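Oh and the sequence shown: position 202 is 190 in my numbering, straight run, nothing missing. We put the beta carbon where it would ideally sit given N, CA and C, even for glycine. Because the structure is a prediction, the values reported are computed rather than measured. The structure under discussion appears below in the form of structure tokens.
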Amino acid sequence: MRHFLNLTAAGADGVAAMLAEAIDRKAARAGFPKGRADADAPLAGHVLAMIFEKNSTRTRVSFDMAIRQLGGSSIVMDAGSMQLGRGESIADTARVLSGYVDAIMIRTDDHAKIEDMARHATVPVINGLTDQSHPCQIMADLQTILEDGKALPGLKMAWLGDGNNVLASLIEAAGLMQFDVVAACPQGFMPSEADVALGQGRARVVASPQEAVEGADVIVTDTWISMGQAHAETKLAAMMPYQVDEALMARAKPDARFLHCLPAHRGEEVVDAVIDGPQSLIWQEAGNRLHAQKAVLRWVFGQIG
Ligand code: CP
Ligand code: NVA
């Protein structure tokens, strides 16, 4: 049985197969009116349970739409309204849900919880974000880059700001798909050595934002304060030199693109002129969550890869 807790679980071949599926299935829907499921309904009858221990807009709606377009359906639960929210264990929740549904997606804080869920579930478990990683986001990001006509091997991606969960998954993807990540993060907010090691030599961390973006093909950033973190003025101050503005973008390649997983905090990690500017692919990136999620769902059920 396949769980999608991280990108390594799928391997380079699995990630490549999912990206191809996402791009092809999206293209096949071009010109489709809204309100139509995919004609082949490859997951007809399948039910996805989604558990949210943290807020979500994109992950929640894109997974829900993904399973519906594939012919299945979903049950969306906030942990606070489940017995999980009053102390029932992850393990027992996994055992019970496995008796009802065909797959479980969970967004939670401690990554150990999702590993626990996968250990005790007898259906596939999908990582909808933990404090440690956000692999579904990076699938959509890679799809967006490919659709822009850039091949992944040898690409230079620059990350600016917080050494967080999204960066960890980007680094993991770099190791698998053979592109480079240069992350510029302030002291105290750099990714862990374990996260950098996921890049298998493809990731490095620098202090200088200018150095990171020099000649980059893609510039990526994210909120400076992730869900569950304290809103600290000291952290915001340390991050200010890493704000993505027009001057930083100008140091990247002329055809460089800007990505942000959203939600954005405009005026903090990025200025309006960049996020709304001609190099930004953020709406395509957000839209691709739907198509990437469909590929992840088909992958966990063994239909592709
Ligand atoms: N990018 C992302 O995961 O967005 P949500 O938090 O809205 O799901
Ligand atoms: N790093 C952010 C990503 C949100 C999609 C967070 O964890 O809050």
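- Listed in chain order, the non-local C-beta contacts of Q272 below 6 Å within the same chain comprise T132, local neighbours out to five positions each way being set aside.
- One thing to note: Q166 has its Cβ no nearer than 8 Å to the Cβ of L186.
- In this structure, V154 has its CB closer than 7 Å to one or more heavy atoms of ligand 2.
- For N43, the CB falls within less than 7 Å of some heavy atom of ligand 1.
- The beta carbons of R(-10) and W212 sit no closer together than 8 Å.
- At a threshold of 7 Å, P251 counts as near ligand 1, since its beta carbon sits closer than that to one of the ligand's heavy atoms.
- In its chain, beyond the 5 residues on either side, N153, V154, S157 have a beta carbon closer than 6 Å to the beta carbon of H122.
- Under the three-pair Cβ rule at 8 Å, the segment 195 to 202 does not count as touching the segment 211 to 228.
- Taking 7 Å as the cut-off, the C-beta of Q125 counts as close to a heavy atom of ligand 1.
- Within a 10 Å sphere around the beta-carbon of S180 sit fewer than 16 other beta-carbons, which makes this residue exposed.
- About 4 Å separates the CB atoms of A82 and A109; that is less than 8 Å, so the two are in contact.
- Nearest Cα to A0 within the set E160, Q71, L58, D90: E160.
- Between the alpha carbons of N43 and G255 lies a gap of roughly 22 Å.
- Around K282, the same chain offers A10, R13, A54, Q57, L58 as residues with beta carbons nearer than 7 Å, after the five sequence neighbours per side are excluded.
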